[in-house]
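Right, one structure below, let's go through it.
Number of protein chains: 2
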Amino acid sequence: MKPSNDISKIFLFSGLNENELQLIQDFSSIKTYSKGEIIFFDTEPYLGFYGVIEGLVKIYKISKEGREHIIHLEYPGCTFAEVPMFEKYSDSRFQELTYPANSMAIEENTVVIKVPVKPFLELTNRNTDIYLKMLASFAKRLRFLNTHIEGITLDDVTKRLSKYLLTEIEKEHPNRQTIKEKQENLIELDISKYDLASHLGTITETLSRVLKKLQSEDIIEVHGKRIVIKNLASLKNYIK
Amino acid sequence: MKPSNDISKIFLFSGLNENELQLIQDFSSIKTYSKGEIIFFDTEPYLGFYGVIEGLVKIYKISKEGREHIIHLEYPGCTFAEVPMFEKYSDSRFQELTYPANSMAIEENTVVIKVPVKPFLELTNRNTDIYLKMLASFAKRLRFLNTHIEGITLDDVTKRLSKYLLTEIEKEHPNRQTIKEKQENLIELDISKYDLASHLGTITETLSRVLKKLQSEDIIEVHGKRIVIKNLASLKNYIK
DNA sequence: TCCGAAATTTGACTTAAGTCAAACCACCTG
DNA sequence: CAGGTGGTTTGACTTAAGTCAAATTTCGGA
Numbered sequence: 001m002k003p004s005n006d007i008s009k010i011f012l013f014s015g016l017n018e019n020e021l022q023l024i025q026d027f028s029s030i031k032t033y034s035k036g037e038i039i040f041f042d043t044e045p046y047l048g049f050y051g052v053i054e055g056l057v058k059i060y061k062i063s064k065e066g067r068e069h070i071i072h073l074e075y076p077g078c079t080f081a082e083v084p085m086f087e088k089y090s091d092s093r094f095q096e097l098t099y100p101a102n103s104m105a106i107e108e109n110t111v112v113i114k115v116p117v118k119p120f121l122e123l124t125n126r127n128t129d130i131y132l133k134m135l136a137s138f139a140k141r142l143r144f145l146n147t148h149i150e151g152i153t154l155d156d157v158t159k160r161l162s163k164y165l166l167t168e169i170e171k172e173h174p175n176r177q178t179i180k181e182k183q184e185n186l187i188e189l190d191i192s193k194y195d196l197a198s199h200l201g202t203i204t205e206t207l208s209r210v211l212k213k214l215q216s217e218d219i220i221e222v223h224g225k226r227i228v229i230k231n232l233a234s235l236k237n238y239i240k
Numbered sequence: 241m242k243p244s245n246d247i248s249k250i251f252l253f254s255g256l257n258e259n260e261l262q263l264i265q266d267f268s269s270i271k272t273y274s275k276g277e278i279i280f281f282d283t284e285p286y287l288g289f290y291g292v293i294e295g296l297v298k299i300y301k302i303s304k305e306g307r308e309h310i311i312h313l314e315y316p317g318c319t320f321a322e323v324p325m326f327e328k329y330s331d332s333r334f335q336e337l338t339y340p341a342n343s344m345a346i347e348e349n350t351v352v353i354k355v356p357v358k359p360f361l362e363l364t365n366r367n368t369d370i371y372l373k374m375l376a377s378f379a380k381r382l383r384f385l386n387t388h389i390e391g392i393t394l395d396d397v398t399k400r401l402s403k404y405l406l407t408e409i410e411k412e413h414p415n416r417q418t419i420k421e422k423q424e425n426l427i428e429l430d431i432s433k434y435d436l437a438s439h440l441g442t443i444t445e446t447l448s449r450v451l452k453k454l455q456s457e458d459i460i461e462v463h464g465k466r467i468v469i470k471n472l473a474s475l476k477n478y479i480k
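If you read the sequences in order, they're chains A and B. So that you can map any letter, position 88 of the first sequence is 88 in the numbering used here, and since no number is skipped, the others follow by simple counting. So that you can map any letter, position 188 of the second sequence is 428 in the numbering used here, and since no number is skipped, the others follow by simple counting.
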């Protein structure tokens, strides 16, 4: 299996020409990570931002007691760890910048490009397309985090899981008219149940229990990572 | 008390000239809100972003049961509700945009400018200073939300409060060398205890109890909104 | 195919913090 | 100054979900 190095897939770079893409590739580094391999820790000095070419990356925090919370997941086409690039612009006190969170590959053969800041900013200086694309990415993530915070502070775990499952169904059906309430919808989780629980702000035991509850109510049917939504209307009732 | 309408205080506008500032003021509206007055709800269609000229604004979510969570607070100089401005750039499915959260003035005479998107984007089209300032603001808020999520998912309430108090001390002493561990530091809360609890992801009863606990350990002394930090080292121990 | 390790489920128990209600305090207005 | 209202504190009780441990299942490699 030959790792991909096609960086044109990355949204941020989608408006750049072949020459610019080649330049970025020249001063950047593309690396393949195994499942479970750390990309960076939040204690490390900031060197550059990343883009996902293949695979899946979790952005997470760890507590002193070893508890974990996954803040967001990044898919192919997405960039992450861009925040520090712009922090010196607003912070009058210069201090060494660090990554905002930890980052780990959660799929085998996760291919990631690491883009050092300085040459990138020089190459894209005054490039409003890049700025707007970054603003769009930041806006999207801010909206997501807003919703995420709402969930973990104001929803119980059943509601959080139900919202997650409904979002997954929508991903499979971008056009809402193809979702039928009366028919079964199949979801194949693309992350482990451990990671799902971590992302939902809970632990595997609780996730297991809530899945079982929904199954006992004949709303869903769980087969490992495959979840059949048998009663969409009832699931929707849990998010009201 | 004559309300201020000096929009040059707003960081985003700080690089604009007098003519541009006047143009913005002409197509925008400046309004004074009373304490407790709603600026917008998250169900409303998006019309424009806001800047705080005077006062204090909370950005919050409400649950069906009436519970509230304050996601962030906005002070004079800050802008908020900019996110939807950039969402159409990344979202291929057009749908009506809404505000990402609710917004309320939490000080009397809160003066706010509401900037409609379209004329603003036309005026600042290709203005890389504006883009970079917005990127800086977004970056700052993303860093803040990362930390905020870490707190509410991985810290107990005592740790959250301790971190908050320490942050407040740092605000009073931007230069860290002026903070003395052996001397008393005084904090004057600029928000109600209800809002502080809501922001810390808890309720007033719990906040009260944790404040009392820290007081019983002689770490702090509480006089309404004035909190004397008597033992900074012990307070720091709670955040390790 | 089988075995071992890791992931997940299940059960029992505990706990941080939320709910509810009442008492108390602070502030503002007449 | 007094009274009323809203904010806050306190006490008793409850609960959602976390901790811990063991049982079961799944998955990957030999």
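Glycine included, C-beta positions come from ideal geometry on N, C-alpha and C. Fair warning: this is a prediction, and the values are worked out from it, not measured in the lab.
Assuming the contact rule is C-beta atoms closer than 8 Å, residue i and residue j should be a hit. Round their C-beta distance to whole Å, please.
i	j	result
Leu189(A)	Leu196(A)	6 Å
Lys133(A)	Tyr50(A)	No, Lys133(A) and Tyr50(A) are not in contact; Cβ-Cβ is about 15 Å, not under 8 Å.
Asn349(B)	Glu294(B)	6 Å
Tyr60(A)	Met104(A)	7 Å
Arg383(B)	Thr128(A)	That pair is no contact at about 24 Å.
Glu322(B)	Pro285(B)	Contact flag wrong, Cβ pair sits at about 16 Å.
Leu135(A)	Phe378(B)	7 Å
Ile191(A)	Val111(A)	The pair is not a contact, with the Cβ atoms about 18 Å apart (cut-off 8 Å).
Ile149(A)	Ile302(B)	Actually they do not touch by this definition, with Cβ atoms about 13 Å apart.
Is it buried or exposed, residue i, if we count other Cβ atoms within 10 angstroms and call 16 or more buried?
i	result
Tyr131(A)	buried
Ser448(B)	exposed
Phe80(A)	buried
Asp155(A)	buried
His173(A)	exposed
Ser162(A)	buried
Ala473(B)	exposed
Arg226(A)	exposed
Lys58(A)	buried
Ser248(B)	exposed
His223(A)	exposed
Ile278(B)	exposed
Asn386(B)	buried
Assign residue i to one of three DSSP states: helix, strand, or coil.
i	result
Leu200(A)	coil
Leu186(A)	strand
Ala321(B)	coil
Tyr131(A)	helix
Ala376(B)	helix
Phe281(B)	coil
His69(A)	strand
Glu170(A)	helix
Ser303(B)	coil
Arg93(A)	A caution first: Arg93(A) carries a pLDDT of 46, below 50, which makes its placement in the model unreliable, though a value can still be read off. Arg93(A) falls in the coil class under three-state DSSP.
Glu294(B)	strand
Pro119(A)	helix
Lys236(A)	helix
Glu74(A)	strand
Thr32(A)	strand
Ile219(A)	coil
When the Cα of residue i is compared with those of the options, which residue comes out closest?
i	options	result
Leu12(A)	Val52(A), Leu47(A) and Phe40(A)	Val52(A)
Leu123(A)	Thr153(A), Asn17(A) and Tyr194(A)	Asn17(A)
Glu445(B)	Leu454(B), Tyr339(B), Phe326(B) and Tyr434(B)	Tyr434(B)
Leu475(B)	Ser432(B), His463(B), Ile431(B) and Thr407(B)	Thr407(B)
Thr442(B)	Gln423(B), Gly391(B), Ile409(B) and Asp266(B)	Gly391(B)
His69(A)	Leu135(A), Ile106(A), Pro119(A) and Asn102(A)	Asn102(A)
Phe281(B)	Leu385(B), Ile270(B), Pro340(B) and Ala379(B)	Pro340(B)
Gly288(B)	Leu405(B), Asn245(B), Pro359(B) and Gly255(B)	Pro359(B)
Met85(A)	Leu56(A), Val117(A) and Ile59(A)	Val117(A)
Ser34(A)	Ser216(A), Arg126(A), Arg160(A) and Glu107(A)	Glu107(A)
Leu261(B)	Asn245(B), Ile431(B), Lys470(B) and Phe384(B)	Asn245(B)
Thr398(B)	Glu410(B), Asp369(B), Leu375(B) and Lys452(B)	Lys452(B)
Glu424(B)	Ile431(B), Lys470(B), Arg381(B) and Val462(B)	Lys470(B)
In chain A, which residues lie less than 9 Å from residue i when you measure between Cβ atoms?
i	result
Arg383(B)	Val83, Pro84, Glu87 and Pro100
His439(B)	In chain order: nothing, as chain A lies at least about 10 Å away.
Under 8 Å between beta-carbons, which chain A residues line up against residue i? List them in chain order, please.
i	result
His463(B)	Ordered by position in chain A, no residue passes the 8 Å Cβ test against His463(B), which lies about 29 Å from the chain.
Tyr371(B)	Thr128, Tyr131, Leu132 and Leu135
What residues of chain B sit near residue i, judged by a beta carbon separation below 8 Å?
i	result
Lys61(A)	Asn386, Ile389, Glu390, Thr393 and Leu394
Phe138(A)	Phe326, Leu375, Phe378, Ala379 and Leu382
Against residue i, what residues of chain B qualify as contacts under a CB-to-CB distance less than 7 Å, listed in chain order?
i	result
Ile71(A)	Asn386 and Ile389
Thr167(A)	Within chain B, no residue comes near Thr167(A); the closest Cβ sits about 14 Å away, beyond 7 Å.
Arg126(A)	Thr368
Using the beta-carbon of each residue, which ones in chain A are nearer than 7 Å to residue i?
i	result
Arg307(B)	Leu154
Can residue i be considered in contact with the ligand MG, in the sense that its beta carbon sits closer than 7 Å to one or more heavy atoms?
i	result
Ile220(A)	Ligands are entirely absent from the displayed structure, and the ligand MG is therefore not among its contents.
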